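What follows is a single structure, written as structure tokens, with notes after it.
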Amino acid sequence: MTAPASRLAGGSAIAWLVCALIALAQYGNFYVYDSIGPVADLLQQQRGFSDSQVGLLNAIYSLPNVVLILLGGVLVDRLGAARTTLLTAGICLVGALLTAFSPNFTGMAAGRLLYGIGAETFSIATLAGVAQYFAGGTVALAMGLTLAIGRLGSYSADMSPTWFTTAYASGWQPPLVIATVIAATSFAASALYWWTDRRQRGLLNIAPVAERFVWRDLLHFGRAYWYLLGLCVLWYSVILAFRSTFSIKYFQHTHGLDLAAAGEMNSYVFLAAVFATPAFGWLCDRLQRYAPFLALGSLLLPIALGLLALTHTGLILPTVLIGISYSLVPAVMWPLASRLVPPARFGTAIGLMWVAQNAGISGANLVAGWLNDRAGASAANPAGYDGMMLFFGMASVAGFVCGLLLWLTAGRRRHEVVQATPA
Ligand SMILES: C[C@H](NC(=O)[C@@H](N)CCCCN)C(=O)O
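In this text, residue positions in the sequence shown follow our numbering: the first is 8, and each later residue adds one.
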């Protein structure tokens, strides 16, 4: 990492100010990521986009990161967290502008591509930024809190059809213009964070210390790390392709909800995560147990999908289960990663996980869109969504198996309390 963290963490008022600015920047970033789902139906009706095209608008976010996120991690190490946050927030803003104002699908896709290039490196930079200012006891809480405010951004995107009825009534474009304004707020918060960080470093006379990236070390992680990576890929692929791309449409077409009601139902998952993510993080820190909670969180996802696809229990129970899973897994995954790999290789470990994760998310969006198109999924043919649900169900079961193997491999209390020991 780039900073002598203990010195930066010294001023706790500054640390919390940095945490608040990073959280605000994340809010905007997550809002833009989730701004496609609510306009998916409008894009189909008004611009004639197919499900594959809608899926591509989110898949293309992840596609470049299959390679670029490793470079992103190196960039964070070399440029520093604050500078990288500012740079990538700027790229995201340009991407959001392009998405909202492009006259055709290609332009919109180019906007989402650019946004994706910026956003993933932005996420690593913000994690690194929080880690620098909260080295020691409260890092999990601080990470949980910034993630929670990010989830509030996702929640707001899902609620936007209810909050901005006039914008949605005017078509697909005004909601995306709103997303662009929110991306500009994220950029402003990133600029303030960068300025605060620069001033702080000036006062303490700290220069960033870049760490050398060693290609040879890339694959040298213990077995538990690879199970964690498998779970990360499978769980995020399902939850993001379902929740951020297809679930609103799925609720509309298979449960007869209108757009606002479907968005609202989807938003409860994010709302739960706002409160539950830091709470679960705090709980796991107190109990010093991580892997069992991770296995439990990953089990709830296939159960919820099964309830949705195979029963008539309605949407409430599956939404509650997905909400718990969506809060529990990220709250535990990143602190557990920091316990399974040495601190000096944490950035590489996350970069590698996100390379595979982005490939998975991208693939899941494309496969789900293709399955829906092939089966002619629509309001008139809700059974056309069966293939997508089966695909998501199987992938989430495989994710749970990874969670279970992780628990068996490195889930013993003695593994989890020893910080930064290779598995
Ligand atoms: C912190 C974590 N983020 C990721 O895993 C990103 N690589 C992908 C998230 C895309 C949606 N913002 C998370 O959000 O839990």
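All C-beta atoms, glycine included, are put in the ideal place defined by N, C-alpha and C. Values in this document were obtained by computation on a predicted structure and should not be read as measured data.
Original post:
Is any heavy atom in ligand 1 found nearer than 7 Å to the beta carbon of W343?
Top reply: Residue 343 is actually Leu in this sequence, not Trp. No, ligand 1 has no heavy atom inside 7 Å of this Cβ.
Subject >> Buried/exposed call for A103, threshold 16 Cβ in 10 Å >> reply: buried
Original post:
Roughly how far, in whole angstroms, is the beta-carbon of W242 from the beta-carbon of S305, given that I think they are within contact range, below 8 Å?
Top reply: 6 Å
Subject >> Closest residue to A117 among A375, N65, V46, M360 (Cα-Cα distance) >> reply: N65
Original post:
Is Q207 near ligand 1, going by C-beta to nearest heavy atom under 7 Å?
Top reply: no
Original post:
Do three or more CB pairs link the region 21-40 to the region 198-205 at distances below 8 Å?
Top reply: yes
Original post:
By how many angstroms is the C-alpha of L93 removed from the C-alpha of V362?
Top reply: 22 Å
**OP:** Report the three-state DSSP secondary structure of V374 (helix, strand or coil).
**Re:** helix
**OP:** Tell whether a beta-carbon distance below 8 Å holds between Y333 and V276.
**Re:** yes
Original post:
Considering only the beta carbon of each residue, do I189 and Y38 sit closer than 8 Å?
Top reply: yes
**OP:** Put Y34 into one of helix, strand or coil per three-state DSSP.
**Re:** helix
Original post:
With respect to 7 Å, is the separation between the Cβ of P337 and the closest non-hydrogen atom of ligand 1 below this value?
Top reply: yes
**OP:** Reducing DSSP to helix, strand and coil, say where T320 ends up.
**Re:** coil
Original post:
Around the Cβ of A96, are there at least 16 other Cβ atoms within 10 angstroms (buried) or fewer (exposed)?
Top reply: buried
Original post:
A22 to L82, Cα distance in whole Å?
Top reply: 22 Å
Subject >> Where P349 falls, given that 16 or more other Cβ within 10 Å makes a residue buried >> reply: exposed
Original post:
M150: which of L315, D165, D292 sits nearest, CA to CA?
Top reply: D292
Original post:
Does the region 365-373 touch the region 43-53, meaning 3 or more C-beta pairs lie closer than 8 Å?
Top reply: no
**OP:** Use the C-beta contact count for D84: other C-beta atoms within 10 angstroms, 16 or more gives buried, fewer gives exposed.
**Re:** buried
Original post:
Per DSSP, what kind of secondary structure is L120 in: helix, strand or coil?
Top reply: helix
Original post:
Do G123 and P71 have their C-beta atoms within less than 8 Å of each other?
Top reply: yes
Original post:
Do L328 and L307 come within 8 Å of each other at the CB atom, strictly closer than that value?
Top reply: yes
Original post:
Just to confirm, does Y40 get its C-beta within under 7 Å of one of the non-hydrogen atoms of ligand 1?
Top reply: yes
**OP:** Go through its chain and collect everything with a Cβ distance to Q60's Cβ below 7 Å, but skip five positions before and after it.
**Re:** F112
**OP:** Within 10 angstroms of the Cβ of L78, are there 16 or more other Cβ atoms? Answer buried if so, exposed if not.
**Re:** exposed
**OP:** With DSSP as the reference, label A363 as helix, strand or coil.
**Re:** helix
Subject >> heavy atom of ligand 1 below 7 Å from Y243 C-beta >> reply: yes
Original post:
DSSP state of I43, grouped into three classes?
Top reply: coil
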